[in-house]
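Data block below; observations after.
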Amino acid sequence: MSGRKRDRRVYLGAHPFLFGLLAAVRRRPVARVGGTLLVNGTEEFIEAMTRVPLDRRAAGTTGAIARDLADADLLFDQEGAAHRDARRALATRLSSAGVERLRPVWRAVLDHRLGELRDGGRLDVVDLAAELAGRTAAALLAIDADPRALATAARGAAAAAARAHLPGPHLPPRRGHDPATTAARLTTLLATSPRICGTSSSPEGLGPEMGAGLAAMVAVAAINTTVAGIPRAVAWCADDGLWEHAAGGERVDALVAELLRVIVPTPLLPRAAGGDATIGGCPVSRGDRLVLVTRHAAGAHHRDPDPLDPAPPHVAQLVFGTGPHACPGAALARAQLRDVLEALAPLRPAVVAARPDRAAALPGWRTLRITATRSTGDGLPIEPDERLTGPGRAHGPVE
């Protein structure tokens, strides 16, 4: 199975109606559907991000989704000086130096969990990513929380909020899975977890001055993008034979950039126009709903990851936004993915089972199990176990 064919399943599994609609109009740089403007073109995406005034509190936007997480001013719906100050504080903690202070946290998870592969077993990359993301978020927030419990709470809150705001048919939420309940579960966990002081082995976090709302949003953003993105990137490497590029050096940086461009952990950005403007020559009125399709603007729908011929840097950067709205966690995402790929590369893992997550906020896998095809000791291939892969099946069964 090719990387693209497998990856397509996460879109159809998570939001089939929404992504079916987006696919139908993706050839047009800008398309209007009723009161919604779909922005697909690269230059048009940049124009929308940098030149169109936005209403951060409008229904159906990222800010509205964020407000479901806590009754507080959040990073995605703040305006003016408050927005700039919050972003600046977070960006300082997520600078190159800040990422290096966090790095031992997720590397310890990798060192421990990859033993399962080295011993000839199978590893669920989704579970690995959840533990890695939960530990990193807890360290960033300076709390002593169970990493899996934190990851579960953040993923549940994001899924409930997304279901309430994204277009498409909606079923009533299961008991205890509505936006208010899942948000309360997350904020309670954050508020009741013991705080930890910064040490050489436990980096200083964002501190209590951040507030419950922003802490919840940081946890949701960091955990959900990591849990969605890392397993998909690993599957692409396994299916398309990209492990040789992950062994280190400049090629791994190009591979990381290309994989992030193609998986686009956040494939679309719901926005609302805060004033009259134009995008690609199409008039935009105050209150118009905008759907900025990052997946199409970055060329993820037609250009496979190629570290030997990568997309231009300004195109690859679009997965993290652009201009004043660029994601402050970009360096963290790149560093985590690089370390995961470098750790897995010597083992040349293959996918043996995969099941898309139909309830997640972001397209991703519910399970993605891999097994090593090479020993780290002698570099020789490992004889495939037909109980895992099946006769003649290079990439194993699909659940």
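Mapping to full-length UniProt numbering: the sequence shown position 181 is 181, numbers consecutive.
All C-beta atoms in this analysis are idealised placements derived from N, C-alpha and C, irrespective of residue type, glycine included.
Checklist entry - Relative to the alpha-carbon of residue 194, which residue among 369, 226 and 139 has its alpha-carbon at the smallest distance? => result As a position in the sequence shown, residue 194 is number 194, starting the count at 1. Out of 369, 226 and 139, 139 has the C-alpha closest to the C-alpha of residue 194.
Item to check | Cα-Cα separation, residue 36 to residue 21 | outcome: Locating residue 36 in the sequence shown gives position 36, where the first residue counts as 1. Locating residue 21 in the sequence shown gives position 21, where the first residue counts as 1. Taking the straight line from one Cα to the other gives about 12 Å.
Next on the checklist: Can you check which of these residues, 276, 17 and 355, is closest to residue 54 by C-alpha distance?
Outcome noted: In the sequence shown, counting from the first residue as 1, residue 54 sits at position 54. Comparing Cα positions, the closest option is 276.
Next on the checklist: Under DSSP, the beta strand (DSSP E) around residue 371 begins and ends at which residues?
Outcome noted: Taking the first residue of the sequence shown as position 1, residue 371 is located at position 371. Per DSSP, residue 371 belongs to the beta strand (DSSP E) from 365-371.
Checklist entry - Does the distance from the CB of residue 11 to the CB of residue 17 come in under 8 Å? => result In the sequence shown, residue 11 corresponds to position 11, counting from 1. In the sequence shown, residue 17 corresponds to position 17, counting from 1. Result no, Cβ atoms of residue 11 and residue 17 do not sit closer than 8 Å.
Checklist entry - Between which two residues does the beta strand (DSSP E) containing residue 102 stretch? => result Along the sequence shown, one-based indexing puts residue 102 at 102. Note, residue 102: premise wrong, no beta strand (DSSP E); alpha helix (DSSP H) at 96-113.
Next on the checklist: Nearest by alpha-carbon distance to residue 4: which of 299, 119, 225 and 38 is it?
Outcome noted: Along the sequence shown, one-based indexing puts residue 4 at 4. With distances taken between Cα atoms, residue 4 lies closest to 299.
Checklist entry - What is the residue span of the beta strand (DSSP E) that residue 261 lies within? => result Stepping through the sequence shown from its first residue, residue 261 is reached at position 261. Element bounds for residue 261: not the beta strand (DSSP E) but the alpha helix (DSSP H), 250-263.
Item to check | Whole-angstrom distance between residue 238 and residue 76, CA atom to CA atom | outcome: Here the question's residue 76 lines up with position 76 in the sequence shown. Here the question's residue 238 lines up with position 238 in the sequence shown. With a pLDDT of only 47 at residue 76, under the threshold of 50, the placement of this residue in the model should not be trusted; the figure read from the coordinates follows. Looking at the two C-alpha atoms, the distance is approximately 35 Å.
Checklist entry - Okay, do the stretch 344-363 and the stretch 154-164 touch, 3+ Cβ pairs below 8 Å being the bar? => result yes
Item to check | DSSP state of residue 197 mapped onto helix, strand, coil | outcome: Here residue 197 refers to the residue found at position 197 of the sequence shown. Three-state DSSP puts residue 197 in coil, outside helix and strand.
Checklist entry - For residue 366, which of 270, 346 and 129 has the nearest alpha-carbon? => result Here residue 366 refers to the residue found at position 366 of the sequence shown. When only C-alpha atoms are compared, the closest one is 129.
Next on the checklist: Taking 8 Å as the threshold (C-beta atoms), are residue 246 and residue 341 in contact?
Outcome noted: Within the sequence shown, residue 341 is the residue found at index 341, counting from 1. Within the sequence shown, residue 246 is the residue found at index 246, counting from 1. It is a contact, given that the beta carbons lie within the stated cut-off.
Next on the checklist: Between residue 1 and residue 321, how many whole angstroms is the CB-CB distance? I'm expecting something under 8 Å.
Outcome noted: On the sequence shown, position 1 is the one that residue 1 refers to. On the sequence shown, position 321 is the one that residue 321 refers to. With 8 Å as the limit, residue 1 and residue 321 do not qualify as a contact, their Cβ atoms being about 31 Å apart.
Checklist entry - By a C-beta neighbour count over all protein chains shown, 10 Å radius and 16 as the cutoff for buried, is residue 296 buried or exposed? => result As a first step, residue 296 is located in the sequence shown; it is residue number 296 there, counting from the start. Buried.
Checklist entry - Do residue 150 and residue 229 have their C-beta atoms closer together than 8 Å? => result Translated into the one-based positions of the sequence shown, residue 150 becomes position 150. Translated into the one-based positions of the sequence shown, residue 229 becomes position 229. No, these two residues do not count as a Cβ contact at 8 Å.
Item to check | Span separating the alpha-carbon of residue 274 from that of residue 285 | outcome: For this step, residue 274 is matched to residue 274 along the sequence shown. For this step, residue 285 is matched to residue 285 along the sequence shown. C-alpha separation (whole angstroms): 8 Å.
Checklist entry - With a Cβ-Cβ cutoff of 8 Å, do residue 234 and residue 143 count as a contact? => result Walking along the sequence shown from the start, residue 234 turns up at place 234. Walking along the sequence shown from the start, residue 143 turns up at place 143. Contact flag unset, no.
Checklist entry - Under three-state DSSP, which class holds residue 237? => result Position 237 of the sequence shown, counting from 1, holds the residue named residue 237. DSSP places residue 237 in helix when its eight states are reduced to three.
Next on the checklist: Counting C-beta neighbours from all protein chains within 10 Å, is the total for residue 24 16 or more, i.e. buried, or is it exposed?
Outcome noted: The count along the sequence shown starts at 1 and reaches residue 24 at position 24. Per the 10 Å Cβ criterion, exposed.
Next on the checklist: My output table needs one value for residue 269: the three-state DSSP class, helix, strand or coil.
Outcome noted: Here residue 269 corresponds to residue number 269 of the sequence shown, with the count starting at 1. Residue 269 falls in the strand class under three-state DSSP.
Next on the checklist: Quick check: the stretch 211-228 against the stretch 298-317, are at least 3 beta-carbon pairs closer than 8 Å?
Outcome noted: no
Next on the checklist: On the criterion of 16 or more Cβ atoms from any shown chain inside 10 Å, does residue 15 qualify as buried, or is it exposed?
Outcome noted: Taking the first residue of the sequence shown as 1, we reach residue 15 at position 15. By the neighbour-count rule (16 or more Cβ atoms within 10 Å), residue 15 is buried.
Checklist entry - Whole-angstrom Cβ separation of residue 408 and residue 43, contact assumed at under 8 Å? => result A question about residue 408 goes unanswered here, because the residues of the chain that appear run from 1 up to 399.
Checklist entry - From residue 288 to residue 47, what distance separates their C-alpha atoms? => result Counting from one through the sequence shown, the residue named residue 288 turns up at place 288. Counting from one through the sequence shown, the residue named residue 47 turns up at place 47. Rounded to the nearest angstrom, the two C-alpha atoms are 16 Å apart.
Item to check | Collapsed DSSP secondary structure at residue 308 in the structure displayed | outcome: Here residue 308 corresponds to residue number 308 of the sequence shown, with the count starting at 1. In the structure shown, residue 308 sits in coil (DSSP, three-state: anything other than H, G, I, E or B).
Item to check | Nearest neighbour of residue 279, chosen from 28, 8, 115 and 189 [CA to CA] | outcome: Translated into positions along the sequence shown, residue 279 becomes position 279. Comparing Cα-Cα distances from residue 279 to each of 28, 8, 115 and 189, the minimum goes to 28.
Checklist entry - In its own chain, which residues sit with a C-beta less than 8 Å from the C-beta of residue 136, not counting the 5 before and 5 after it? => result Residue 136 sits at position 136 when you count from the first residue of the sequence shown. Same-chain partners within the cutoff: 102, 105, 106, 222, 226, 332 and 336.
Checklist entry - Which two residues bound the contiguous beta strand (DSSP E) that contains residue 283? => result Within the sequence shown, the letter at position 283 stands for residue 283. First-last of the beta strand (DSSP E) with residue 283: 282-284.
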